[in-house]
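Engineer:
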Amino acid sequence: MYFFTPNTSETENYYIQKKYSKYFMFFSGGYEFVFNFVGSTMGWSCFYILIKRIDNTLLNMNNLSSSDFLLFIFFLLSLTGHLPQTILGIIDSFKNIIEITSKKIG
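Residue numbers (the working numbering): 66 to 171.
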C-alpha cells in the first residue's frame, strides 16, 4: 500500500535498493544515461541534417521528400526516448507476420 504514502519515490527507492545491489543500481543507471544520451544525440543529429536539407534562407518546402519525413519521425522518436520501443515493436510485428504466414502456408 505504498501508493498512498506522501512521497512515493522514497518508498519505491527503498524497495528497489533492498532488492538489488549497489553495483547493479550503478550500472543500470549508467546504462540508462548512456542509452538516453546516445538516443538524444541521434535525434539532434537528424534534426541538424533535416534543417540543412531544407534551405534555411528561404524555407523552400519544394525539395522535401519521403526521406525528410522519415528523418523527422526518427528525430521525434529518438529525442523523446521512444525509439528503442518503436524498433522492438516493429521487429515483433515482423516476427508475428512471419509466424502467421508460416502457419497459413504450412
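Backbone N, C-alpha and C fix where the C-beta goes; we use that ideal spot for every residue, glycine too. Nothing here was measured: the structure is a model prediction, and the numbers come from that model.
Using only CA atoms, which one of PHE139, SER86 and PRO149 lies nearest to ASN101?
Structural biologist: Of the listed residues, the one whose Cα sits closest to ASN101 is PRO149.
Engineer: For GLY194, report the span of its alpha helix (DSSP H) as first-last.
Structural biologist: Because the chain is modelled from 66 through 171, residue 194 falls outside the range shown and cannot be assessed.
Engineer: Rounded to the nearest angstrom, what separates VAL103 and PHE92 at their Cα positions?
Structural biologist: Looking at the two C-alpha atoms, the distance is approximately 16 Å.
Engineer: Output yes or no for whether 9 Å exceeds the beta carbon distance between SER111 and LEU136.
Structural biologist: According to the sequence provided, residue 111 is Cys. The question's Ser does not apply to it. Yes.
Engineer: Report the option in SER158, LEU144, SER86 and ILE162 whose CA atom is closest to the CA atom of MET107.
Structural biologist: Checked all of SER158, LEU144, SER86 and ILE162; the closest Cα to MET107 is LEU144.
Engineer: To the nearest angstrom, how far is it from the Cα of LEU142 to the Cα of TYR88?
Structural biologist: C-alpha separation (whole angstroms): 30 Å.
Engineer: Using a Cβ-Cβ cutoff of less than 7 Å, which residues in the same chain neighbour LYS168 once the five nearest sequence positions on both sides are dropped?
Structural biologist: Closer than 7 Å at Cβ, skipping near neighbours: no residue.
Engineer: If you follow the alpha helix (DSSP H) that ILE138 is in, where does it begin and where does it stop?
Structural biologist: 131 to 145 is the extent of the alpha helix (DSSP H) around ILE138.
Engineer: So, at 6 Å on beta carbons, what are the nonlocal neighbours of ILE155 in its own chain, with the 5 sequence-adjacent residues on each side left out?
Structural biologist: Cβ within range, chain order: n/a, list empty.
Engineer: Cα separation between PHE134 and LYS84?
Structural biologist: Cα to Cα, the separation comes out at about 44 Å.
Engineer: Taking the alpha carbon of PHE98 as the point to measure from, which residue in ILE170, GLY146 and THR151 has its own alpha carbon closest?
Structural biologist: Answer by Cα proximity: GLY146.
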